[in-house]
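Report on one structure; see the data block that follows.
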Amino acid sequence: MRLRVLLLLAATALPGCSKLLGLDDFHPTFEGAAGSGAGGDAGTGNVAGLSGGGSGATSASGATGGTGAMGGTGARGGAGAMGGTGAMGGNGAGGTGASSGDAGTSGDGGASGDGGVAGSAGTGGTETGGLIFSEYVEGHNYTALEVYNAGSAPVDLSACYVSAYGDGSFFSDFPLATTLQPGSTYVLCSSATASATTCQQSPSSMSFNGNDAQVLKCGANVMDVIGQLGTAPANYWGTPPNTTQDHTLRRKCSITQGDTNSGDVFDPAVEWDAFGADDLTDLGKHCE
């Protein structure tokens, strides 16, 4: 190797020597030492030695690793060009895995609101179910109406009254009073009738004929009706011998609810039993 170098140097220095020595066809090849990539980030691969003093071709970059070692120095012909320094391998930054976000702290549940204060219980309405007319007296001398509590609870009559209609037109209201116990009666009658029997109330204007309707109300609610509002028969409702003129009518014991439709047809034979005029024998009691 050294002899070949010396011959090359001599041929270069002395004109014509190359011909003399037959070195025109002598083309030495200089090999640079292979650069080794150190571990880690891969460096650039080894640099090839210079051919004929020319610059050695830089080899392809190696895989990411450490810094490549410097290529070996080319042999001197003329002076072989120094092998290029292997390019430092790029720092192969391993992608840092995305850290999973910490789970958000769950919010504390809102404090439950305090329940609203319960409203005060409404005052119980007055029980009026089962309040009916139970007897009707339209005679030659006496007139009377009997109200009966057919329900199972006491009834406060302070909001109740009887509305009287004469010949189809409103005549007067007769307010009631007291608390009526279940199975008990309350009697309104004319002053003449009061002298013959016991009545709870005897208004001076208490008088009616067979074609005058009577309506039992509590507040605005119709509880029961004798007759038919909006009509005025010539003398009475019903068919003889069961009519509203010159008869005492007693409600059948099976009837415990009143007729709340004041405009429907009234036939006393459906729910009433008829007795002779001025019969007061059962007034003040019902189905005993």
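Position 115 of the sequence shown, counting from 1, maps to 102 under the working numbering, and the rest follow consecutively.
Beta carbons are placed, not taken as given, at the ideal position from N, Cα and C, and that holds for glycine.
All values derive from a computational prediction rather than experimental measurement.
{"Asked": "Close-in-space but distant-in-sequence residues of the same chain around Gly153 (CB under 6 Å, 5 per side omitted)", "Found": "Asp199"}
{"Asked": "Stretch pair the region 186 to 198 + the region 123 to 132: three plus CB contacts closer than 8 Å", "Found": "yes"}
{"Asked": "Nearest-angstrom Cα separation, counted from Asp269 out to Ala207", "Found": "30 Å"}
{"Asked": "Beta-carbon spacing of Ile119, Gly250 below 9 Å", "Found": "no"}
{"Asked": "The region 157 to 177 / the region 130 to 140 touching (three or more Cβ pairs under 8 Å)", "Found": "yes"}
{"Asked": "Contact set for Thr184: own chain, Cβ-Cβ below 6 Å, skip 5 residues either direction", "Found": "Leu267, Leu270"}
{"Asked": "Rounded Cβ spacing between Leu203 and Met210 (contact assumed at less than 8 Å)", "Found": "5 Å"}
{"Asked": "Simplified DSSP state of Thr180, which is helix, strand or coil", "Found": "helix"}
{"Asked": "Start-to-end residues for the alpha helix (DSSP H) that takes in Pro255", "Found": "255 to 258"}
{"Asked": "First and last residue of the uninterrupted beta strand (DSSP E) at Val134", "Found": "130 to 136"}
{"Asked": "Strand pairing of Thr247, partner residues [DSSP]", "Found": "The partner list for Thr247 (beta bridge, DSSP) is empty, contrary to what the question assumes."}
{"Asked": "For Gly138 and Ser121, the rounded distance between their alpha carbons", "Found": "13 Å"}
{"Asked": "Span separating the alpha-carbon of Gln168 from that of Thr243", "Found": "15 Å"}
{"Asked": "8 Å contact criterion, which Phe161 and Pro190 should meet: CB distance rounded", "Found": "6 Å"}
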